[in-house]
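Colleague: Those letters in the sequence shown? Residues 6 to 567, by my numbering.
Here it is, the structure in full.
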Amino acid sequence: MDWLISLFTSSDSVAHIVLLYASVIAVGVYLGKIKIAGISLGVTFVLFAGIAAGHIGFTASPAVLSFLQEFGLILFVFMIGLQVGPGFFESFKRGGVTLNALSTTIILLNILVMFACYYIFFDTSNPINLPMMVGTLYGAVTNTPGLGAANEALTSVFENGEIPQIASGYACAYPLGVLGIIGATIAIRYICRISMDKEEEQLNVEESDNGAVKPHFLNLEVTNSYLEGKTISQVHNFLNRDFVCSRLLHDGHVVIPTSSTVFHIGDRLFIVCAENDAEAITAFIGPVVNVDWKKQDEPMVSKRIVVTRPSINGKTLGQMHFSSGFGVNVTRVTRHGMDLFASSNLSLQIGDRIMVVGPEGAVNRVASVMGNSVKRLDAPNIATIFVGIFVGIIFGSIPVAFPGIPVPIKLGIAGGPLIIAILIGRFGYKVHLVTYTTTSANMMLREIGLVLFLASVGIKAGEGFLDTIIQGDGLKYVYTGFLITIIPIFIVGIIARVKYKFNYFTIMGMVAGTYTDPPALAYANSVCSKDAPAVGYSTVYPLSMFLRIFTAQIIILFFCGM
């Protein structure tokens, strides 16, 4: 049995390290699936499993723990950046500015409440207390990347001393953080006397009025004499409405129109436009008619084609000359589950799905040019990931000196890769980097990075965790963390409702996104039949994640380094 004992106790062997992480991660993931009142801690339970392992002495060498912790953090935040990058800048559009401003206010209030609790409840002469409160802050807001960024920044401040195990504060505050987010949003409903049924009705009205995002299809007959002899380009300019004429029936023949195609009285058109433009377009061109396009002498097909050829990445629809070069029309582009209008200046990206209309042979030629190989999308672009990480590490290592701060500020191995990943996710096609990664591949790499980080932090913190809880300030971390969680939600949630009149379900999504808390989003989705919570969540999530990570390092470097 000596071999078995050695396997569990020899901290330098590779087999022991693998066994340690496999045990901690497996136990943590399984326990995280247990639901209490419909709520679970999810993968974050790996942290508690790691604490238990570290407490009983099931550990590894500090060098190994540090390496796997930092590598897991890098992988985690980089995959998050790639995911949110495409929507990061777009999240400020369509009313998103106000939601992001409210979200930023919550983040700043979280920090202010943390400092208030620090000065009220803790001994400010002890240099360990402020870093521990930072750990409590990120447990209270359920943001693991922020904990990683703060941990990484601490290495610059405590270079010659023992680094505080702020994961203890995080672990104390996290469970009530999850419950506090959901509980505070429920309390706002009663404080503001909100009727869930009325909120659903409001969403139904807004959905029916918001036709600008819905594609609409029309079969029209040209009856306006003004259009006789006019080209499609001239009609576009005069009408000033976005529409695509994908088929035209003239004298019994179907053609794929181009911008120079001429209209004649009696022509029949297949039009794709925004729903709220349909009435104006119909009034200008002519009445709706029935047309059986399948029975024409030149049958047309509609086919959804996937962009998988790297050489297409970044090219605009106008540069592809679909109409003049291939004799087809592109009516819409689907990206990340959203339909985009096929404007000539829209840049194509790997993974886009374009709707192509035209003769079958021409459509097949377009499919060949675009790639249209779903198998290519199944493999993650490993080169892009590691090129991005390489650039991100260098970028995060650039020191920037500020007056009054004893050490230069660096974005570090958390902030640097995050920012580079966001930029690559949004603009990578401009430098011919293929950034497309399937959702499953992104989630797998992200979760691997997260569990490696959580397991490492937990194992490190495990040795002194019980002492922190029983003899130290563990209970203080619990109730101050709860205050950090709920106070900003009450303030900003009520303002969002009373002053800005946001729908309650949108507020729930905004709060969940600000706290980057999937359980809170899951609860919001369970009580709403619409996608308002998900929209609110996705609108503020990118900026919130960035600010959580960035402010973690600023707090540590500016206040703990003084």
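We put the CB at the ideal spot given by N, CA and C, even for glycine.
Helix, strand or coil for Gly-101? Go by DSSP, reduced to three states.
Modeller: helix
Colleague: What are the partner residues of Val-259, as DSSP defines its beta bridges?
Modeller: Leu-254
Colleague: Assuming contact is defined by CB atoms lying nearer than 8 Å, are Leu-208 and Gly-153 in contact in what I supplied?
Modeller: Contact flag unset, no.
Colleague: Run through the DSSP bridge pairs and tell me what Ala-58 is partnered with.
Modeller: When DSSP reads this structure, Ala-58 sits in no beta bridge, so it has no partner.
Colleague: In or out: Asn-584 buried (at least 16 other Cβ within 10 Å) or exposed?
Modeller: Since the first residue shown for the chain is 6 and the last is 567, residue 584 is missing from the structure and cannot be characterised.
Colleague: Could you tell me which of Val-249, Pro-150 and Ala-529 sits nearest to Ser-238, measuring between CA atoms?
Modeller: Val-249
Colleague: If Asn-377 and Val-311 are in contact, beta carbons under 8 Å, what's the gap, nearest whole angstrom?
Modeller: 5 Å
Colleague: How would you call Pro-292, buried or exposed, if buried means at least 16 neighbouring beta carbons within 10 angstroms?
Modeller: exposed
Colleague: Assuming Arg-553 and Thr-511 make a contact with CB atoms under 8 Å, what is their CB distance in whole Å?
Modeller: Taking 8 Å as the upper bound for CB-CB distance, Arg-553 and Thr-511 are not in contact here, some 21 Å apart.
Colleague: Would you kindly report the start and end of the unbroken beta strand (DSSP E) that includes Ser-307?
Modeller: 306 to 311
Colleague: Assuming contact is defined by CB atoms lying nearer than 8 Å, are Ala-466 and Ser-161 in contact in what I supplied?
Modeller: no
Colleague: Grouping DSSP H, G and I as helix and E and B as strand, with all else coil, what is Arg-4?
Modeller: No statement about residue 4 is possible, as the shown extent of the chain runs from 6 to 567 and does not include it.
Colleague: Please state whether DSSP places Val-296 in a helix, a strand or coil.
Modeller: coil
Colleague: Please state whether DSSP places His-326 in a helix, a strand or coil.
Modeller: coil
Colleague: Is Ala-406 helix, strand or coil when you go by DSSP?
Modeller: coil
Colleague: Around the Cβ of Tyr-124, are there at least 16 other Cβ atoms within 10 angstroms (buried) or fewer (exposed)?
Modeller: exposed
Colleague: Which residue wins for smallest C-alpha separation from Thr-490, given the options His-255, Gly-397 and Cys-122?
Modeller: Cys-122
Colleague: Excluding the 5 residues preceding and the 5 following Cys-177 in the sequence, name in chain order all residues of the same chain whose CB lies nearer than 6 Å to its CB.
Modeller: Gly-479, Tyr-482 and Val-483
Colleague: Nearest by alpha-carbon distance to Pro-493: which of Ala-65, His-60, Leu-107 and Ile-111 is it?
Modeller: Ile-111
Colleague: Where Gly-216 and Arg-246 are concerned, what is the direct C-alpha to C-alpha distance, given to the nearest angstrom?
Modeller: Because Gly-216 sits at a pLDDT of 41, beneath the cut-off of 50, its placement in the model cannot be relied upon, and the following sentence gives the value as read from the coordinates. When rounded, the distance between both Cα atoms is 14 Å.
Colleague: State the start and end residues of the unbroken alpha helix (DSSP H) segment that holds Arg-451.
Modeller: 444 to 467
Colleague: In terms of residues, what are the limits of the beta strand (DSSP E) holding Val-362?
Modeller: 358 to 363
Colleague: Who pairs with His-221 in a beta bridge, going by DSSP?
Modeller: Cys-278
Colleague: Considering only the beta carbon of each residue, do Val-183 and Ala-460 sit closer than 8 Å?
Modeller: no
Colleague: Roughly how many angstroms separate the alpha carbons of Ala-529 and Pro-538, rounded to a whole number?
Modeller: 6 Å
Colleague: Classify Ala-557: buried if its beta carbon has 16 or more other beta carbons within 10 angstroms, exposed otherwise.
Modeller: With 16 or more Cβ atoms within 10 Å of its Cβ, Ala-557 is classed as buried.
Colleague: Please give the ranges of any alpha helix (DSSP H) in the segment 139 to 212, keeping only runs that are unbroken, at least 4 residues long and fully inside the region.
Modeller: 149 to 162 and 172 to 196
Colleague: When we look at the beta-carbon of Ile-355 and count the other beta-carbons within 10 Å, is it buried (16 or more) or exposed?
Modeller: Classification of Ile-355: buried, given that the 10 Å Cβ count is 16 or more.
Colleague: Rounding to the nearest angstrom, what Cα-Cα distance links Ala-501 and Gly-514 in this structure?
Modeller: 12 Å
Colleague: To the nearest angstrom, how far is the alpha carbon of Leu-314 from that of Ile-453?
Modeller: Checking the displayed sequence, the identity of residue 314 turns out to be Arg instead of Leu. Answer to the nearest angstrom: the Cα atoms are 29 Å apart.
Colleague: With a 10 Å radius around its C-beta and 16 neighbouring C-beta atoms as the bar for buried, classify Pro-169 as buried or exposed.
Modeller: buried
Colleague: For Leu-181 and Ser-200, what's the separation of their Cα atoms in angstroms?
Modeller: 27 Å
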